[in-house]
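> Take a look at this one; I'll ask things after.
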Amino acid sequence: MSVAQSIDGERLIAVFTAVVEQLGRALPRSYELVLHDLSKLPNSIVAISGEVTTRTVGDPATDLLLKQAATGNFESRLDYETGLADGRRLRSSTMIIEDVSGRPVAALCMNADVSVWEEFRSIAHQLVSMNASPGVATGIAAAEVEPANREHMEPGRGHETFVHDVDELATILIGAAIRNVGIPTTLMHKNHKVEVVRDLKARGLFLLKDAVQLIADELNVTRFTIYNYLNQIAEEEEPSGQEPATSEGTSHE
3 MSVAQSIDGE RLIAVFTAVV EQLGRALPRS YELVLHDLSK LPNSIVAISG EVTTRTVGDP
63 ATDLLLKQAA TGNFESRLDY ETGLADGRRL RSSTMIIEDV SGRPVAALCM NADVSVWEEF
123 RSIAHQLVSM NASPGVATGI AAAEVEPANR EHMEPGRGHE TFVHDVDELA TILIGAAIRN
183 VGIPTTLMHK NHKVEVVRDL KARGLFLLKD AVQLIADELN VTRFTIYNYL NQIAEEEEPS
243 GQEPATSEGT SHE
């Protein structure tokens, strides 16, 4: 599903690749800079500095970026919370880079591991509690080491999943869609399976190679059935008076 990069887009990719490589050397080890070339989705990482998520060049986009690609609605997001499978909490920012025509060409992302600061905060709280007088310790600790915007740090806000290969990404997307329906695949009727496919379409699964076969295997139906589901969804989404897409035009592999 990749689209050829514009000349200006290629220039911007080169410029920001240098930014990632140079600026990344000056950042602490708890920070990571990542550049995604949107013309290379899903395996869009073209430059990375830091090892917070342990990803490398050639690894795929996150589920959040893939969802934006599916809708065509790319937007920059600053200072949102994400997390890793090992329980570490991250603060992340994503800046969408556009070429001179206003077309999104890249995403520059920063991920900061805040776990070390949470550990420091816990230690500071204990030290203050041990040394301050009763009744004062809690107030001092809260004033000195609590985040300035506590609500902004609530877990689960702006969740994003970092993966190392497309198969892992597909597994996560399919699992999430099935959980949303809330019924085991062995007990699903057609309407349930259509809802799973609708969810996966919105999540960008069909931007991945072999996506139709993957979901067909998971739902225990044929590829042709998945195309029929996609046609049904397209008909429901089409404004009245528009011709629905045919199965030949529905393939997103």
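Count along the sequence shown starting at 1, add 2, and that's the number in our numbering.
For every residue, glycine included, the Cβ atom is placed at its ideal position computed from N, Cα and C.
This one's a predicted model, so the numbers in the text were calculated from it and none came from an experiment.
Go through its chain and collect everything with a Cβ distance to valine 198's Cβ below 7 Å, but skip five positions before and after it.
So the qualifying residues of the chain are Ala179, Ile180, Val183, Leu221.
> According to DSSP, is proline 166 part of a helix, a strand, or is it coil?
A small fix is needed here, since residue 166 is histidine in this sequence, not proline. Looking at histidine 166 - three-state DSSP - the assignment turns out to be coil, as it is neither helix nor strand.
> Could you check whether glycine 26 and glycine 52 sit closer than 8 Å to each other, using their CB atoms as the reference points?
Contact flag set, yes.
> On a CA-only basis, which of Pro30, Arg31, Glu12, Leu35 is nearest glutamate 23? Give me that one, please.
The option with the nearest alpha carbon to glutamate 23 is Leu35.
> For a quick check, are the C-beta atoms of isoleucine 176 and aspartate 65 less than 8 Å apart?
Not a contact, by the Cβ cut-off of 8 Å.
> Mind reading off the beta-carbon distance from phenylalanine 18 to alanine 108? Whole number of angstroms is fine, and I expect it under 8 Å.
Indeed they touch by this definition, with Cβ atoms about 6 Å apart.
> Determine the direct distance from the alpha carbon of histidine 191 to that of methionine 112, and round the result to whole angstroms.
Those two C-alpha atoms are separated by around 42 Å.
> Does the Cβ-Cβ distance between alanine 236 and arginine 225 come in under 8 Å?
Result no, Cβ atoms of alanine 236 and arginine 225 do not sit closer than 8 Å.
> On the DSSP bridge list, what partners appear for alanine 71?
For alanine 71, which the question treats as bridged, DSSP gives no partner whatsoever.
> So glycine 85 is in the alpha helix (DSSP H); what residue range does that whole segment cover?
From DSSP, glycine 85 is part of no alpha helix (DSSP H) but of the beta strand (DSSP E) over 79 to 85.
> To the nearest angstrom, how far is it from the Cα of tyrosine 229 to the Cα of threonine 163?
If you take the alpha carbons of tyrosine 229 and threonine 163, they lie about 27 Å apart.
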